[in-house]
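**Q** Take this structure first; my questions come after.
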């Protein structure tokens, strides 16, 4: 089976009848018709359809190594630096469809799975590890073009440094039984984005665990028995694309994932009861390199979108002559070019790992992910500083369809735009930076790869500073008074 | 007639039947029952009721100089430094009821009017100026405890430096006729906050005008013929105080004010056709000193609220031991204490003006208003950095009332709080910093007194730097080589 | 004996023949004639002379409670809020003579000693504590107008969190013997500013000590046997006031203080072998309140100096029209007014302590000292950004006295100044921000009251956040779904 | 003649007897023996010697297209992207010798001249332009391995926007005569770094000139008649490498360049009396692309040096466990990797210009030069924040050679280093960030390519924002209500 179409994606998800709770009610009927999900599922479907677009097939697909049929490029294991560029082009092609607003477009999880599978040999021969399950699942996912999400963060109960949960009833998801069929999991994990609208969910321990039992990784269908997705409030503002140009299309939803004694069959367990592997696999595998390559590539497209909006506002109200305006946009340009440069460097400095996979340079990408959580919020601030009162004068679609329209046309016109286009532009800026959808996007980017402080620390610790310390040592020790 | 009650406020506004447009429809019936306005009107009513609270009367009222009846302290003309402290206590008493979230609580406009009236002598003898109209209106407002809003910003059509509107049909509101009854105004002004839910609207030219005709100031009832308020989308999230603890109560609304050949009777015209007065009156009158004294006093209470939320989050998830957490809260404390110190300094350094009114030091307050637009957005960012994933796991009231509650109780509990209180806290934080209501608050504070760049410039230009330049000159010229 | 004159100060110090080492040589002869010390001693002498200036006597002195003779106001124990203002005026009078560049002008240590003595009752009845010694020394110092320095930081050997020195030979100064005459101290303390040019040195344990033996406080004459001051390189650029307008006059010198089995006689021991007292006395005494009141008052004058230089540069090269220039100076103004406001608030909110001393509000001043280490370096950066190439074209006094002068006069003239005055101004700016003297000033302000991170932490921990947490609790608990 | 040796460089400069004024005296005798110049000339000589190092010849030289002899790689005109990498390796090889501290190492000017010459066709056929002079001079310089400096900034007399000099006696250098032999120049230019210790000086108009007469470019020998270099004060701290490890070796000196009716022979005039060419040539030629490629490559090495020093301090006093320390070093790492990535991107995106020269992408490098002036000063601040009191306890070489050494050895030891090495390290840090040499380095990087505000503006204006505006337009115009 080749890449799926958008229609296939929607039908498959609808058929699952996954247990999804929203605003105190279980979603019934086709989830693709539910107001909170229909927009984003349609956008996701459009991404799948791009794989069938003749002009893009070359970028978006490649022949399956098992069947020769065309499968998604996001599953592709790169062997050369050029392959890395191909992967980036695929990622950015998809990102352009959403302006980078879907953090969990299918390429994210497909890349993640490809990366883990590419390093499955690291699991070989280790206690309670099943590299062959991981490989088989990768192949299965690739050949069926599965949609997936994942979850690994533990519930935010107590964030003190040496906290260790002692509840009799688990809060954090853990293995409560191992039997002939598989492992049984009970408890919760935080935040599956797109939880409930994907075929599968990949579940991983968070890093830094101390107890053997918490070390596991597996994937299960979203409609597994006992699995529940409890959603936050929906941030879809409404159906109107005029009013809510972004949230009506790209609101991915986040949910708490509850495991109510969920059985994970053995063939879907990648490892369990092994804290050493759980703590090291995400770091030593190519997961970080490839996940960050996808993320940074997407964030570039999102930054382009920010730049486009900033400059459009400037044109509309004619403020490009001000040095402080120019300086603000220059900040965005600097951010954009920096992110672009880092991706390129990661590719130029890519290295073959011991299994022949070309990994982009992970440290370089780690720099990118240290930068973006700091600049993206600043960019949303710049949009607000440029838009000013224009972001307060945002009447709705209905207003433009009413008898008050002539006043709107007269008083909301601008140098660059008629009133309607101007309001559409400002609503777009508002939806990106000030709506619940927009602020959730900001929060998402702030914490995408973890707490910014932790990311700094990780960068410090993983960076090779020795050559520079040596250079200084050379100077200091060049002469001695004794 | 003494201070009004909340009930009287609501009845009076309902009776006006002001022309208010929202989402393409004219508001009909009692505006106080409209979903977009009922919350804020109730909160405003509660403020008026505080003036009748026996334990607060002493702070909130004073005997009218004309009738001896108790009128609102916000109308009080201070004569001593102690009077300034009394005014501050009144402002902060009201602000505590709303945690500083109502930028247009009645004291703001009452203060503004008091300040303008106190300097009415500046209009004496000038062309087309009517100081006696201004005084009479101040007295009338004080004795009837009028609610008011104001508007002065021009539509954001073209913000280039030397733009001059040349439309045949006016966009910016201007005087199109002067006749026996008064002046006739046509065009629009931007942003009347609370537009439509006050008795009156005070209309002033923006500063820096070039043509004589644009220089005017007047006040008219909200239901004046031809006057229309066109609202932006409402940011009330819903009626549920659980879900929308702030927007359900404090969303003040902003509207475009359209003047469709509105007649302003002469007795309500304070000045007209006088650009020199229009450009100078706001600066030379005590307007800036008193308006900023009110604003900064309110912003202090808002900052206290931010601090309370930050520390509550910290307690809830137990993160107070982290230096970077402490540093972030220390930032808020520094901001809070700075604002408090500036208000105190403005009072300690207050000076009697030539009409015997004790003005707080205006420059000191200008410093405050230069600081707040920079720190308030940062504080909302700190809330997000502390709250992290807690701001994404925010199920709704209904969820807590459904069968899924037991899962929520288990998985959303925290060290410091049960799940319900914890979610309420995080929804509060979300509504303050991430909801459309919250982001509009941020935008409001960013631009409260104008563009931040312009405020820097104003501070630079109005600050007396000479003594310090002289000190340096003394050093440089102390000796000479020649 | 009343306040001393500058001449008396110099004679007294010269007579001590303190053991001071500089650049590998022991200072011999009169230290007041040594190139590294003559400038600063002359400036210090001028401060003492101010106490005899008839027009200032009223501000600078008060009648001794023991003799009625005029003693230095810096020793004055305030009883009222007005007294706090008097103290501030004295501090700022002295600071204006040095533009705030002498961090250890005599008022700093006099204030410190006054504050410790005012709280001496805290030592009463505690193990190894001698409040009467402290009081007697305070009186002695006041009546003899002693000059003093102090030292408490330990050598920077290993700054890890749980480091505990285990050397057989002490590095950190400690008590190695207690005998009939007193205690014997061996080891070193870091950084006595003005070490070697004061009558006395006050020695205190650093905070946070763990072992009983390290808890002590005493004062001894600078020429005590076995006491050595090892100076860093001198940052006096040279004698020329043209070339080095600041370092030639205000370079205070820092030195390592070595205790080579120094005997401290009992009457000079304030406490010893008491870690509890050592850790708490600096916090519970009025030390922090008064020391910070002195420091912030001085920093205000220094900020005025910065403002004067910034504006002088702007005038000289005529750049005041640029918004980005205005914004930079506005930053300085904001800093200056903030510091001024904080001092005023600390006085307005002063409180009598249990011994009848009026303490300025310590938390408010702690805010000041959290702010200054962040803004002062920024201000020096602003000077550099404004001065630009002007800070590179700084020929010397000799150049102006040579045949090349006519070229300098022609090519270094500016709109606002002739070449000579312009170069003097830029050299002044350079000496404040770019010379070794200037950068040491910056480092000094960065760390004046300890590491900035530690100061944030201290502010967080000592600030009363409860009222605001309660306010939030009130909202969260106002309603419950159960 | 092939690349020169260090010895040849020194002899050639000594022979010139250029008119250099320092501290009011003309430098006489061999300038290479003068205390202010000997260190830097020795370092420069060492750079020339590297071209003769057998192991480096391949990187540092290439066969002259005219003679086949080996000439300096800095003169090399790249034709491929690989050539760009070769150029970078040469630049960074040299930079490593000086840790990037010599902004005017020979490759800078050689690169500049190569770039201008590569675009000489832009001058072809234009009024008063002599492309053949430029080409001939390039060839001459390459074949003789000339050392050069340049100057283009005008004296800082009046920086208001619309200032136009009206002095009868020129301040800004201008052409005062054109005769048979050449043009005669009178007036001054600001800041020739290394002025007086190079063979030649290239003189160019600053950008944005308005009058035809100010448009010129030429090169003349440093000892041309009437040419004077007036130096600022020397920032060489002294000969001791222990005390002044950097200023004793790398202080390049800046000087004002005075033209006292200097005759420039026609064969050295590249263009004159042509403001259009003067304003456009620096932008349209490959000057910016190649100059920035050199600069950013050097700044990378300098940032590595900063990183080495920061980490060495951390190791020495054992503070690597602190999150805030890690965060500060992570900032440096982010800066370093960003600069590295931008250079790589500029090479990957290089393009052949119409004359077959491979230009690195200029916009990408412009981003780099927008970043560095902001991060470098911050890095020097980080060094100070890490070093803290260690930067105050810096005794001199003599102190370590005196009887006080045993105390220094005991009290200045650190976990990581003995006292001597520790002091050497901290003196290195001090010389880089706090000495006059160090602060001049900071100022130099702040303004290397002009005022930071102007650089932002240039980036904004030259960046192609259209594709992103179009993308937004696509969204806004996708549907219309009418």
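Chains as they are written, first to last, in the UniProt record's numbering: chain B, 1 to 482; chain Z, 1 to 482; chain D, 1 to 482; chain C, 1 to 482.
Note that CB positions come from ideal geometry on N, CA and C, so glycine has one too.
Name the DSSP beta bridge partners of residue 62 of chain Z, please?
**A** Taking the first residue of the second chain as position 1, residue 62 of chain Z is located at position 62. The partner list for residue 62 of chain Z (beta bridge, DSSP) reads Z:71.
**Q** Could you say which of B:277, B:317 and B:352 lies nearest to residue 417 of chain B if we only look at CA atoms?
**A** For the purposes of this step, residue 417 of chain B is taken as the residue at position 417 of the first chain. For residue 417 of chain B, the nearest C-alpha among the options comes from B:317.
**Q** Which of the three DSSP states is assigned to residue 367 of chain C in this structure?
**A** For the purposes of this step, residue 367 of chain C is taken as residue 367 along the fourth chain, with counting starting at 1. DSSP places residue 367 of chain C in helix when its eight states are reduced to three.
**Q** Once DSSP output is grouped into helix, strand and coil, what is the label at residue 174 of chain Z?
**A** Walking along the second chain from the start, residue 174 of chain Z turns up at place 174. Note: residue 174 of chain Z maps to strand in three-state DSSP.
**Q** Give me the chain Z residues within the contact set of residue 435 of chain B, using Cβ-Cβ distance strictly less than 7 angstroms, ordered along the chain.
**A** Residue mapping note: residue 435 of chain B aligns to position 435 of the first chain, counting from 1. Near residue 435 of chain B (Cβ distances below 7 angstroms), the residues of chain Z are 436.
**Q** Considering only residues of the same chain and omitting the five flanking positions on each side of residue 108 of chain B, which have a CB-CB separation below 6 angstroms?
**A** For the purposes of this step, residue 108 of chain B is taken as residue 108 along the first chain, with counting starting at 1. Taken in chain order, the residues that qualify are 294.
**Q** In the DSSP output, which residue or residues are listed as bridge partners for residue 404 of chain D?
**A** Locating residue 404 of chain D in the third chain gives position 404, where the first residue counts as 1. In the DSSP output, where bridge partners are listed per residue, residue 404 of chain D has none listed.
**Q** Where DSSP assigns a beta bridge to residue 463 of chain B, which residues make up the other side?
**A** Numbered from its first residue, the first chain carries residue 463 of chain B at position 463. Note: residue 463 of chain B sits in no beta bridge, so no partner.
**Q** Determine whether the beta carbon atoms of residue 391 of chain Z and residue 429 of chain Z lie at a separation below 8 angstroms.
**A** Position 391 of the second chain, counted from the first residue, corresponds to residue 391 of chain Z. Position 429 of the second chain, counted from the first residue, corresponds to residue 429 of chain Z. Closer than 8 angstroms, so yes.
**Q** Whose C-beta lies closer than 7 angstroms to the C-beta of residue 445 of chain C among residues of the same chain, with five residues either side of it excluded?
**A** Your numbering for residue 445 of chain C matches position 445 in the fourth chain. These residues qualify, in order along the chain: 372, 373 and 376.
**Q** Hey, does residue 293 of chain B have any beta-carbon neighbour from chain D nearer than 8 angstroms?
**A** Counting from one through the first chain, the residue named residue 293 of chain B turns up at place 293. It does not: the Cβ of residue 293 of chain B has no partner Cβ on chain D nearer than 8 angstroms.
**Q** Return the residue from the list C:424, C:393 and C:411 that minimises the CA-CA distance to residue 193 of chain D.
**A** Taking the third chain and counting its residues from 1, one reaches residue 193 of chain D at position 193. Nearest C-alpha to residue 193 of chain D: C:393.
**Q** To the nearest angstrom, how far is it from the Cα of residue 333 of chain C to the Cα of residue 364 of chain C?
**A** Your numbering for residue 333 of chain C matches position 333 in the fourth chain. Your numbering for residue 364 of chain C matches position 364 in the fourth chain. Answer to the nearest angstrom: the Cα atoms are 19 angstroms apart.
**Q** Which of the three DSSP states, helix, strand or coil, is assigned to residue 239 of chain B?
**A** In the first chain, counting from the first residue as 1, residue 239 of chain B sits at position 239. It is coil, neither helix nor strand.
**Q** Output, in chain order, the set of chain C residues within a Cβ distance shorter than 7 angstroms of residue 150 of chain Z.
**A** As a first step, residue 150 of chain Z must be located in the second chain, where it is residue number 150. The premise fails here: residue 150 of chain Z is roughly 32 angstroms from chain C at the closest Cβ pair, so nothing lies under 7 angstroms.
**Q** Listed from N- to C-terminal order along the chain, which residues in the stretch 316-347 of chain D have their beta-carbon within a distance smaller than 7 angstroms of any beta-carbon of chain Z?
**A** Those would be 323, 326, 327, 329, 330, 333, 334, 337, 338, 340, 341, 342, 344 and 345, in chain order.
**Q** Count the other C-beta atoms from every protein chain shown that fall within 10 angstroms of the C-beta of residue 168 of chain D, then say buried if there are 16 or more, exposed otherwise.
**A** Within the third chain, the letter at position 168 stands for residue 168 of chain D. Exposed.
**Q** Count the other CB atoms within 10 Å of the CB of residue 77 of chain B; is the residue buried (16 or more) or exposed (fewer)?
**A** Along the first chain, one-based indexing puts residue 77 of chain B at 77. Buried, since its Cβ has 16 or more Cβ neighbours within 10 Å.
**Q** When DSSP labels each residue in this structure, what does residue 96 of chain C get in the three-state scheme?
**A** Indexing the fourth chain from 1 puts residue 96 of chain C at position 96. Note: residue 96 of chain C maps to helix in three-state DSSP.
**Q** Exposed or buried, what is residue 274 of chain Z when buried is set at 16 or more other beta-carbons lying within 10 Å of its beta-carbon?
**A** By one-based count along the second chain, residue 274 of chain Z stands at place 274. With 16 or more Cβ atoms within 10 Å of its Cβ, residue 274 of chain Z is classed as buried.
**Q** At 8 angstroms on the CB atoms, spell out the chain D contacts of residue 425 of chain Z, in chain order.
**A** Within the second chain, the letter at position 425 stands for residue 425 of chain Z. Ordered by position in chain D, the residues that pass the 8 angstroms Cβ test against residue 425 of chain Z are 472 and 476.
**Q** For residue 106 of chain D, report the span of its beta strand (DSSP E) as first-last.
**A** By one-based count along the third chain, residue 106 of chain D stands at place 106. That residue, residue 106 of chain D, is in no beta strand (DSSP E); its alpha helix (DSSP H) goes 106-118.
**Q** I'd like to know whether the C-beta of residue 401 of chain B is nearer than 8 angstroms to at least one C-beta of chain C.
**A** Here residue 401 of chain B refers to the residue found at position 401 when the first chain is read from its first residue. Closer than 8 angstroms: yes.
**Q** Helix, strand or coil: how does DSSP classify residue 361 of chain Z here?
**A** The residue labelled residue 361 of chain Z in the question sits at position 361 within the second chain. Residue 361 of chain Z: coil per DSSP, three-state reduction.
**Q** Alpha carbon to alpha carbon, how far is residue 440 of chain B from residue 7 of chain Z? Give it in angstroms, no decimals.
**A** Mapped onto the second chain, residue 7 of chain Z falls at position 7. Mapped onto the first chain, residue 440 of chain B falls at position 440. Rounded to the nearest angstrom, the two C-alpha atoms are 39 angstroms apart.
**Q** Tell me whether the stretch 59-78 of chain B and the stretch 15-30 of chain B touch, counting them as touching only if at least three CB pairs, one residue from each stretch, are closer than 8 angstroms.
**A** No, because fewer than three Cβ pairs between the stretch 59-78 of chain B and the stretch 15-30 of chain B fall closer than 8 angstroms, the two stretches do not touch.
**Q** Looking at the unbroken beta strand (DSSP E) that takes in residue 425 of chain Z, where does it start and where does it end?
**A** Within the second chain, residue 425 of chain Z is the residue found at index 425, counting from 1. Run containing residue 425 of chain Z: none in the beta strand (DSSP E); it sits in the alpha helix (DSSP H), 419-433.
**Q** Residue 151 of chain D bridges to which residues according to DSSP?
**A** For the purposes of this step, residue 151 of chain D is identified with residue 151 of the third chain, where counting begins at 1. According to DSSP, which records beta bridges pairwise, residue 151 of chain D is partnered with D:203.
**Q** Tell me the rounded alpha-carbon separation between residue 321 of chain D and residue 395 of chain C.
**A** Sequence index remark: in the third chain, residue 321 of chain D carries index 321 (1-based). Sequence index remark: in the fourth chain, residue 395 of chain C carries index 395 (1-based). One C-alpha to the other measures close to 46 angstroms.
**Q** Under 8 angstroms between C-beta atoms, does residue 443 of chain B make it to chain Z?
**A** The sequence position of residue 443 of chain B within the first chain is 443, counting from 1. Yes, its Cβ sits closer than 8 angstroms to a Cβ of chain Z.
**Q** Check the Cβ of residue 394 of chain C against every Cβ in chain D and list those closer than 9 angstroms, keeping chain order.
**A** As a first step, residue 394 of chain C must be located in the fourth chain, where it is residue number 394. The contacting residues are 232 and 233.
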